[in-house]
Amino acid sequence: MTDGSATVLPVPLLRPGERRISLIAILASAFASTVTFAMSTPLLSMRLEAQGVSGSIIGLNTAVEAAAILFFTLATPTLARRLGAANALYLGVAIMTAAIALLPVWNSIEGWFVLRFVMGAGIAIHWVIGEVWLNTVADDSTRGRVVGLYVTTMSAAYCLGFPVLMITGTEGYLPFYLITGTVAASALPLIFARRLIPSLPSEAAAHYATLLRRQPTLMAAAVLNGVLINSVLAFFPIFSDRMGVGERAGFGMLFAVALGNVLLQLPIGMMADRHDGRDGRKLLIFLAITSAVGFLLLPLVLDSLAAWPLLTIWGGSFGGLYTVGLAMVGRRFGPGDLAAANALFAFTYETGTLVGPVFVGTSLDLWNPYGFLAAGGGACLLFLLIALTRRV
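For the sequence shown, this note's numbering assigns the number 81 to the initial residue and increments by one for each residue that follows.
Here you go:
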């Protein structure tokens, strides 16, 4: 990439069959690893709670995994250049598998701090290289649809993780065995497609700070998506309960939000295929405005049937920020910068997932219960300020 507006990602010379095999491998591996993450996070929290561990320590234990993801997203391109992308990808899966398998063996809070950090490293390596591969498989005419299918797959896997955990329960070894087997299985499609995994350039063409200056709005969209996704998951049930809807209905509404994230990413990806350049920026702005309007309308419709379609559209809208943003990363960064740009996009998203709940939770304490709406809507407005004053 030579400037902020370049669209220079050459498509690898893959035959249609090879492109399909690559995409199937990426989607299958992403599905398995996402189910693993969706199951392991609540499982470990519940196991620690049953052991009498305090909420603050449980939070720190969860944060250790997130901190590892943050660090290793930026370190992964260097690791992949040294080991080779395929070897680094297998290493990520192996690290996740080993860490999860050891959790019931090293069953102490100290051990779980170490193992969750290791898990985070494996997740980051798998995540970044998988998305670089995805962006090299897609061509510009279908990139939005391919990324939309990828995000849909991960969203569906995330939704599936919770009912599976309901069936297995949180006691005993069964959930750990199931998670270990699932994440190990995510390596199988990668093995079949090994020769199609792209190699990375020997050196990155630009520093992370340079990439951020080139595309501030694109990276801000990832931050906003992280803020909204994690904050809605954490605080929407609390907000709806305090609004008098009730806990059970609140969880049902949260499912409607997740359903929107599953159903609408492919259509949003198709929209992204029709929008590039400054139009791509307009699509991000449209999704942010839709998300902000959702926060404004929530208290007006929460106790009516209108809430359900609103929540579905709302969830799809802020989920679409990631779909459009990741597609634009592939369009706007050339081969020398693609791995670093993907890593930076993942890093900014993960930053949003960390700071969002703190920001929204504090706002909820200060203005009960409307602080949830004010903080979420305010985050959307801050993004719009950046998007309207800076180029993508």
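For glycine and all other residues, C-beta sits at the position ideal for the given N, C-alpha and C.
Under the rule that 16 or more other beta-carbon atoms within 10 Å means buried, what is residue i, buried or exposed?
i, result
"Asn-187", "exposed"
"Glu-145", "buried"
"Pro-122", "exposed"
"Leu-492", "Residue 492 falls outside the range modelled here, since the chain spans only 81 to 472, and no answer is possible."
"Leu-461", "exposed"
"Met-234", "buried"
"Pro-437", "buried"
"Trp-447", "exposed"
"Val-312", "buried"
"Thr-297", "buried"
"Ala-301", "buried"
"Ser-134", "exposed"
"Ile-271", "exposed"
"Asp-445", "exposed"
"Asp-359", "exposed"
"Gly-410", "buried"
"Ala-201", "buried"
Less than 8 Å between the C-beta atoms of residue i and residue j, yes or no?
i, j, result
"Phe-425", "Leu-154", "no"
"Val-440", "Thr-262", "no"
"Ile-209", "Ala-160", "yes"
"Val-342", "Cys-239", "yes"
"Thr-403", "Gly-349", "yes"
"Ile-149", "Ile-203", "yes"
"Ala-407", "Thr-156", "no"
"Tyr-230", "Ala-420", "no"
"Pro-269", "Thr-216", "no"
"Gly-456", "Val-303", "no"
"Leu-367", "Phe-398", "yes"
"Arg-196", "Leu-346", "no"
"Pro-255", "Gly-249", "yes"
"Pro-449", "Arg-322", "yes"
"Tyr-170", "Ala-267", "yes"
"Ile-137", "Glu-129", "no"
"Trp-213", "Ser-102", "yes"
"Leu-453", "Pro-379", "yes"
"Ser-120", "Thr-142", "no"
Can you tell me whether DSSP reads residue i as helix, strand or coil?
i, result
"Met-81", "Note that Met-81 has pLDDT 37, beneath the 50 cutoff, so the model's placement of it is unreliable and the number below is only indicative. Met-81: coil per DSSP, three-state reduction."
"Ala-273", "coil"
"Arg-411", "helix"
"Tyr-170", "helix"
"Ala-301", "helix"
"Val-91", "Below a pLDDT of 50, predicted positions are generally treated as unreliable, and Val-91, at 42, falls in that range; the measurement from the model is reported next regardless. The answer is coil: DSSP assigns Val-91 none of H, G, I, E or B."
"Leu-385", "coil"
"Ala-86", "In this prediction, Ala-86 scores a pLDDT of 36, lower than 50, which makes its location untrustworthy; the coordinate-derived value is nonetheless stated afterwards. It is coil, neither helix nor strand."
"Leu-406", "helix"
"Ala-218", "coil"
"Thr-121", "helix"
"Trp-213", "helix"
"Val-185", "coil"
"Asn-448", "coil"
"Pro-255", "helix"
"Gln-345", "helix"
"Gly-326", "coil"
"Arg-354", "coil"
"Val-133", "coil"
If we ignore side chains and look at the alpha-carbon of each, how far apart do residue i and residue j end up?
i, j, result
"Ala-218", "Pro-96", "11 Å"
"Ser-320", "Met-333", "9 Å"
"Thr-82", "Tyr-253", "Annotation note: pLDDT 36 at Thr-82 (below 50); position unreliable, no value reported."
"Gly-458", "Met-199", "33 Å"
"Ile-466", "Leu-364", "11 Å"
"Phe-152", "Glu-211", "14 Å"
"Phe-117", "Thr-260", "11 Å"
"Leu-391", "Gly-340", "7 Å"
"Leu-89", "Ile-180", "Confidence in Leu-89 is poor, its pLDDT being 39 and thus under 50, which makes the residue's placement unreliable; the coordinate value appears in the next sentence. Computed Cα separation, rounded: 37 Å."
"Gly-84", "Arg-470", "Reliability fails at Gly-84, whose pLDDT of 38 lies under 50, so the model's placement of it is uncertain and the value that follows must be treated cautiously. So the two alpha carbons sit approximately 11 Å from each other."
"Leu-468", "Leu-258", "47 Å"
"Thr-370", "Asp-383", "20 Å"
"Asp-353", "Gly-400", "13 Å"
"Tyr-429", "Gly-132", "32 Å"
"Gly-374", "Gly-326", "20 Å"
"Ala-147", "Val-194", "12 Å"
"Ala-165", "Ala-112", "19 Å"
"Arg-328", "Gly-241", "19 Å"
"Ser-221", "Gly-416", "21 Å"
"Ala-289", "Thr-158", "16 Å"
"His-287", "Arg-294", "11 Å"
"Met-246", "Phe-413", "42 Å"
"Met-176", "His-206", "9 Å"
"Ala-50", "Glu-251", "Shown here, the chain extends from 81 to 472; a query on residue 50 therefore has no answer."
"Glu-98", "Pro-184", "40 Å"
"Leu-308", "Leu-434", "11 Å"
"Gly-405", "Ile-189", "37 Å"
Please determine whether the Cβ atom of residue i lies at a distance below 7 Å from any heavy atom of the ligand SAH.
i, result
"Ala-204", "Because no ligand of any kind appears in the structure shown, any question about the ligand SAH cannot be addressed here."
Please confirm whether residue i has its beta-carbon closer than 8 Å to some beta-carbon of chain D.
i, result
"Ala-302", "Structure shown: chain D not included; a single protein chain is present."
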